[in-house]
Amino acid sequence: MLRKRSKYCPSCTTKGLKPTSNPAILDCRHCHGLWFEDGSLNQAIVQQHECLDQYDHELHLGPALRTSERLCIRCRVTMTQYQLLVHYSTEIDCCPDCDGVWLDKHEIDQVMHSPKLKQALTDLNQAVSWKSWLFQFLTAMPAEYNVQPQRTPWITRTLVVLCSLIFGLGALSPEANEWIFVNLALNSDTQSPAYFVLQLLTYQFVHGGLMHLAGNMYFLWIIGDNLEDALGHGAFLALYLFAGVMAALAELLLFDTSQGPLLLVGASGAIAALFGLYLMWFRHASLTFMIVVYQKKLAPHWYFLIWSLINVVGMFSGQGDVAWAAHLGGFALGLLLGYLLKDYVFRKNPLIAMLNQPEAMLRR
Ligand SMILES: [Zn+2]
Ligand SMILES: [Zn+2]
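Numbering of the sequence shown is given in our numbering, commencing with residue 140 and proceeding in unit increments.
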């Protein structure tokens, strides 16, 4: 008598597996894991990625780790556990005889995205090069290591162009510069409420000097593209302008107007809020920090911690004409919004969510 052995789930062991719309893929209705017959996993991954030609078509696993406790549903031999990627420590079960693969429910998304995950981890784990060293040595600006955005950062580019354009116009003649400062800068003496509200927006596009402009625009350029990609164009713009308004209000709140009116310009407040968002969502990214001639990749929380300390010291020493309170206010707002929007952003961007998992192995 011939009896067809039913295929039991390798994880629950007592529940049978049922075929899905693709007969080479079976699923467990109980634990929602998936069994892939030899080759069907690669096919499923290729189908998920329309633009796979930039990536490898095949699943390249990381190192074999150990013998699994699970049995292959066909061969009844113990499977082998492999690390998903060299730099991603999810462990998946593969049969050494038939090359079938078992994925637990929480591993499915990670494996399906593995070509992108692999590319992202390669980018993030790049070591500093002589180019990044020379760049920072000459400009005193950090090099950024992060994933490539999927969308063109139109808003970020437009903001950079607008700020530069207004600065360029001001540089044409002293009269033009005067006009810009009188009309577009935020002035605490402004009487008309409507005009004051307008200034809360326009002051963000005016800069006091070339270094002020260059520093702000550089940071907007390197971190704005990733944030715009994560949020979408409209939400990014709304958040940026809102943060600029709130940062100005923070500066006004702490400013002593008995010494004269506050005249505020610059995108720093809004950009400080972007730092907060960046820290909450891109903990896998790196910004380089340079001590004399030694360049080191730092995680955003270290980088921005140093940045905040400089601002706190600046605020209490009451130094010069820098709007310390606007910087710190903007940063605090960014941290809060970053925390509140974290789940939304991770749901919208599975790759960013996966890179924030402890499985991501980052080299700094
Ligand atoms: Zn199961
Ligand atoms: Zn097998």
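In this text, a Cβ means the ideal position worked out from N, Cα and C, and glycines have one as well.
What do you reckon, is the C-beta of residue i under 6 Å from a heavy atom of ligand 2?
i, result
"residue 178", "no"
"residue 239", "yes"
"residue 211", "yes"
"residue 368", "no"
"residue 167", "no"
"residue 148", "no"
"residue 243", "no"
"residue 236", "yes"
Whole-angstrom Cβ separation of residue i and residue j, contact assumed at under 8 Å?
i, j, result
"residue 436", "residue 447", "Contact flag wrong, Cβ pair sits at about 19 Å."
"residue 204", "residue 230", "6 Å"
"residue 207", "residue 220", "5 Å"
"residue 359", "residue 410", "6 Å"
"residue 403", "residue 387", "6 Å"
"residue 308", "residue 319", "7 Å"
"residue 303", "residue 356", "7 Å"
"residue 167", "residue 156", "6 Å"
"residue 180", "residue 240", "5 Å"
"residue 292", "residue 364", "4 Å"
"residue 210", "residue 218", "7 Å"
"residue 499", "residue 260", "7 Å"
For residue i, collect the residues of the same chain with a Cβ closer than 7 Å to its Cβ; drop the 5 residues on either side in sequence, then sort them by chain order.
i, result
"residue 351", "405"
"residue 366", "375, 413, 416 and 417"
"residue 187", "251"
"residue 158", "165"
"residue 382", "408, 409, 412, 469, 472 and 473"
"residue 477", "415, 416, 418, 419 and 420"
"residue 391", "327 and 401"
"residue 501", "263, 264 and 423"
As a quick exercise: from the options, pick the residue whose alpha carbon is nearest that of residue i.
i, options, result
"residue 165", "377, 146 and 309", "146"
"residue 154", "162, 163, 172 and 160", "172"
"residue 273", "223, 428, 297 and 476", "428"
"residue 460", "217, 174, 401 and 321", "401"
"residue 149", "342, 232 and 456", "232"
"residue 340", "385, 361 and 303", "385"
"residue 257", "265, 226, 242 and 244", "226"
"residue 183", "394, 292 and 161", "161"
"residue 379", "362, 393, 395 and 394", "362"
"residue 213", "479, 202, 224 and 237", "237"
"residue 243", "262, 322, 151 and 235", "151"
"residue 285", "298, 262 and 337", "262"
"residue 455", "393, 342 and 354", "393"
"residue 298", "321, 343, 289 and 315", "343"
"residue 121", "176, 216, 248 and 253", "This structure leaves residue 121 out entirely; the chain is present only between 140 and 503."
"residue 269", "434, 480, 373 and 260", "434"
"residue 371", "289, 321 and 450", "289"
"residue 316", "503, 399, 259 and 348", "348"
"residue 323", "336, 312 and 176", "336"
Is the closest heavy atom of ligand 1 to the C-beta of residue i under 6 Å?
i, result
"residue 151", "yes"
"residue 172", "yes"
"residue 435", "no"
"residue 233", "no"
"residue 157", "no"
"residue 154", "yes"
Below 8 Å CB to CB, which residues in the same chain sit around residue i once its five sequence neighbours on both sides are set aside?
i, result
"residue 422", "438, 439, 440 and 495"
"residue 486", "492"
Just to confirm my understanding: we take residue i, look at its own chain, exclude 5 residues before and 5 after, and list those with CB closer than 6 Å. What are they?
i, result
"residue 306", "346 and 352"
"residue 310", "none"
"residue 488", "369"
"residue 482", "none"
### Message
Quick test of the definition: if touching needs 3 or more C-beta pairs under 8 Å, does the segment 273-293 touch the segment 318-328?
### Response
no
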